[in-house]
Amino acid sequence: MDVAAPAENIVALGDTGEPVNALQGREGPVPIAGTSFAAAYVSGLAALLRQRFPDLTPAQIIHRITATARHPGGGVDDLVGAGVIDAVAALTWDIPPGPASAPYNVRRLPPPVVEPGPDRRPITAVALVAVGLTLALGLGALARRALSRR
1 MDVAAPAENI VALGDTGEPV NALQGREGPV PIAGTSFAAA YVSGLAALLR QRFPDLTPAQ
61 IIHRITATAR HPGGGVDDLV GAGVIDAVAA LTWDIPPGPA SAPYNVRRLP PPVVEPGPDR
121 RPITAVALVA VGLTLALGLG ALARRALSRR
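Okay, so the sequence shown: first residue is 1 according to UniProt numbering, each after it adds one.
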């Protein structure tokens, strides 16, 4: 569903039950805004529509939301989709219910490409040779020192 919803200058309830329109930030009040709030508006409208029209299918709820959205003009676009949701219109307008199911544009995703990690065998071999050589030289030095004391 491509629609727009309020996402700036949001008024919410504070922890005391009073309305708030900003949160305290480091440098002062930060206005409440963002797509998370817009999603809540659309979800809330969908819930109200399910309660008002219990026989509508999910596809028909989507149709009702998009059919009653207010578009600034020019039809559907990438900026506001079908327009800004209009809860009053969606809940009260007499419009056809729309198709019971929507054709979903589902496509199978290719399996993820698993790239093998780097080959660690050469560095492991070098490390083992270095440890072995250090151990052999250390033991040789200790043996030579022990033999020279006799």
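Glycine included, every Cβ here is placed at the ideal spot set by N, Cα and C.
What separation, rounded to the nearest whole angstrom, lies between the Cα atoms of residue i and residue j?
i, j, result
"residue 137", "residue 117", "34 Å"
"residue 109", "residue 28", "46 Å"
"residue 141", "residue 147", "10 Å"
"residue 102", "residue 92", "23 Å"
"residue 127", "residue 36", "52 Å"
"residue 9", "residue 123", "58 Å"
"residue 113", "residue 53", "45 Å"
"residue 121", "residue 25", "52 Å"
Are residue i and residue j touching if we call contact CB-CB under 8 Å?
i, j, result
"residue 83", "residue 70", "yes"
"residue 65", "residue 3", "yes"
"residue 22", "residue 30", "yes"
"residue 98", "residue 59", "yes"
"residue 87", "residue 57", "no"
Keeping to the same chain, check which residues put their C-beta closer than 7 Å to that of residue i; ignore five residues upstream and five downstream.
i, result
"residue 41", "5, 6 and 85"
"residue 90", "45, 49, 64, 65 and 68"
"residue 34", "7"
"residue 32", "10, 12, 21, 22 and 23"
Spatial neighbours of residue i within its chain, please: CB distance less than 8 Å, with the 5 preceding and 5 following residues excluded, ordered by chain position.
i, result
"residue 14", "20"
"residue 111", "none"
With a threshold of 6 Å on Cβ separation, who are the neighbours of residue i within its own chain once the five nearest residues in sequence on each side are excluded?
i, result
"residue 67", "95"
I'd like the span of the beta strand (DSSP E) that includes residue i, first residue to last.
i, result
"residue 29", "28–31"
Run through the DSSP bridge pairs and tell me what residue i is partnered with.
i, result
"residue 24", "29"
"residue 138", "Bridge partners of residue 138: none, in fact."
"residue 70", "84"
"residue 77", "81"
Along the chain, where does the alpha helix (DSSP H) that runs through residue i open and close?
i, result
"residue 38", "35–52"
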